[in-house]
């Protein structure tokens with residue numbers, strides 16, 4: 016792993032606090048092998064995996080700092096395995112609401128900054144045919160694409176009771192040393208940098224023109240999101256929920272509606288969040304916004320660290336027909352995609368750094384309750400394995416990503432596709448909401464209605480608290 020850190024990597028360390036830890040995690044559900052002893056299988060597996068006391072980078076590295084400022088990674092002499100790998104016995108692993116609540120308590124705590132920034136927690140109950148693993152790593156180690164690639168390397172495609180190497184001990188290919196840069200390449204690099212600066216200026220000019228309502232068909236203006244009970248300064252404590260969606264149905268619906276799977280799920284999540292907030296008295300005079308991570312890696316690129324852009328996307332407003340809400344989201348999403356395609360990746364990344372850095376500064380200064388959020392929701396997806404995977408001889412049933420909270424709060428929704436299922440993880444600060452289980456239910460209901468509304472235009476969602484000051488321009492006009 017590179018010993019240098021990008022500005023985005025460093026920002027996750029600089030702005031971390033006890034109230035808002037900057038790690039990402041996943042909750043894995045696994046099935047015990049047939050005829051396995053329910054009382055001894057997980058403790059035996061735990062002891063075996065815990066015996067791997069030598070790790071590879073970055074799992075062997077702590078953060079090197081100067082006066083509290085991160086400057087790189089340094090290998091540690093010894094791993095404290097009692098800290099990094101732990102085991103917990105609970106009443107019933109198959110009680111999903113209780114399991115989510117247990118994971119929420121683990122997720123709310125901060126990783127020890129003096130140790131390598133990762134942990135593995137085994138969770139079992141001695142009576143079920145399933146057990147769970149909650150694994151977390153600091154976001155500065157990498158973005159979602161990087162972390163899932165590591166996760167996949169730690170699992171095998173067939174059941175085996177042979178020797179197993181856990182993810183932190185798995186050898187990874189080292190980055191090749193770069194050849195000396197020639198003068199011509201340096202000049203080309205300078206030219207690219209100047210073009211990148213020009214693209215960045217164009218982005219800000221167009222944002223300013225939209226602010227003046229001269230160019231309405233462009234990306235949303237940052238810090239114009241709606242304040243809700245979930246936005247504002249992030250406090251200690253988390254609420255976590257997990258839910259499954261049939262990804263075959265999602266893809267089929269996307270084909271029928273000439274949209275993408277992301278856009279279909281954006282619509283379901285948008286309706287679900289509206290319903291949750293409506294229950295708590297929230298009304299909406301304009302659309303909610305989502306922060307949309309965009310992967311800036313080239314096809315096949317396997318760099319570490321964070322190489323993403325995170326930009327706001329306007330969601331739907333003013334329509335009770337789920338299908339028409341989807342069409343609004345399709346248009347708004349593609350406006351942002353069009354802007355990304357017409358700017359160099361470095362310029363779009365630079366734009367992300369500027370607006371997200373401002374949000375981080377507001378959070379650091381505890382001003383997030385004063386300014387409007389960039390967005391109300393962060394929705395991202397991570398492509399996972401297409402075939403069934405195993406941890407030794409334990410079958411992986413599901414893997415739910417559980418991310419960090421963005422500055423300004425809101426709900427973070429991440430899903431990973433695994434064997435034709437979308438495993439969805441939802442997390443928010445629990446300062447004003449005790450549970451996200453209702454949201455998980457609303458998302459499933461919203462998807463079912465969206466799917467049905469394509470063939471039955473009479474289907475409409477109930478009142479979700481939207482107040483309309485003017486009649487929206489609808490895709491369908493009644494005569």
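Numbering (my numbering), first residue to last: 16 to 494.
Beta carbons: idealized from backbone N, C-alpha and C, even for Gly.
As the structure is a computational prediction, the values presented were derived from the model and not from experiment.
Under DSSP, residue 426 shares a beta bridge with 392 and 443. DSSP, reduced to helix, strand and coil, places residue 477 outside both helices and strands of the structure shown, so it counts as coil. Residue 101 carries a strand assignment under DSSP once its states are collapsed to helix, strand and coil.
Per DSSP, residue 43 lies in no alpha helix (DSSP H) segment; the continuous beta strand (DSSP E) that holds it begins and ends at 38 to 46. An exposed status is given to residue 177, since fewer than 16 other beta-carbon atoms sit within 10 Å of its beta-carbon.
One thing to note: residue 248 has its Cβ no nearer than 8 angstroms to the Cβ of residue 449.
A straight-line Cα-Cα distance of about 35 angstroms links residue 477 and residue 227.
In the structure shown, the three-state DSSP call for residue 252 is coil.
When DSSP reads this structure, residue 415 sits in a beta bridge with 42.
Counting the other Cβ atoms within 10 Å of the Cβ of residue 385 gives fewer than 16, which makes it exposed. In the DSSP secondary-structure assignment, residue 299 is bridged to 481. Annotation for residue 123: the continuous alpha helix (DSSP H) segment containing it runs 111 to 123. Residue 307 has 326 as its beta-bridge partners, per DSSP.
The Cβ atoms of residue 241 and residue 424 lie no closer than 8 angstroms to each other. In this structure, DSSP gives residue 106 a state outside helix and strand, which the three-state scheme calls coil.
Counted as a single uninterrupted DSSP element, the beta strand (DSSP E) harbouring residue 150 occupies residues 145 to 153.
Beta-bridge partners of residue 67 (DSSP): none assigned. Shortest Cα-Cα distance from residue 81 to any of 150, 89 and 122 involves 89. Rounded to whole angstroms, the Cβ separation of residue 87 and residue 79 is 5 angstroms, and the two are in contact under 8 angstroms.
Cβ-Cβ distances below 6 angstroms link residue 468 to 337, 338 and 474 in the same chain, with the five nearest sequence neighbours on each side left out; the list follows chain order.
The Cβ neighbour count for residue 142, taken over all protein chains shown within 10 Å, is under 16; the residue is labelled exposed. When secondary structure is reduced to three states using DSSP, residue 202 falls in the helix class.
Beta-bridge analysis with DSSP links residue 438 to 259 and 431.
If you check the CB distance, residue 347 and residue 329 come in under 8 angstroms. When only Cα atoms are considered, residue 429 and residue 415 end up about 8 angstroms apart. Between residue 51 and the set 145, 454 and 114, the nearest pair of CA atoms involves 145. Taking C-alpha positions only, residue 125 is separated from residue 33 by approximately 6 angstroms. The Cβ-Cβ distance between residue 229 and residue 439 does not fall below 8 angstroms. Per DSSP, residue 337 is one residue of the alpha helix (DSSP H) stretching across 337 to 356. Annotation for residue 360: the continuous alpha helix (DSSP H) segment containing it runs 360 to 379.
Within the DSSP bridge table, the entry for residue 243 names no partner.
Looking at the DSSP output, residue 409 sits in a beta bridge with 406. In the DSSP assignment, residue 457 falls within the alpha helix (DSSP H) that extends over 452 to 468.
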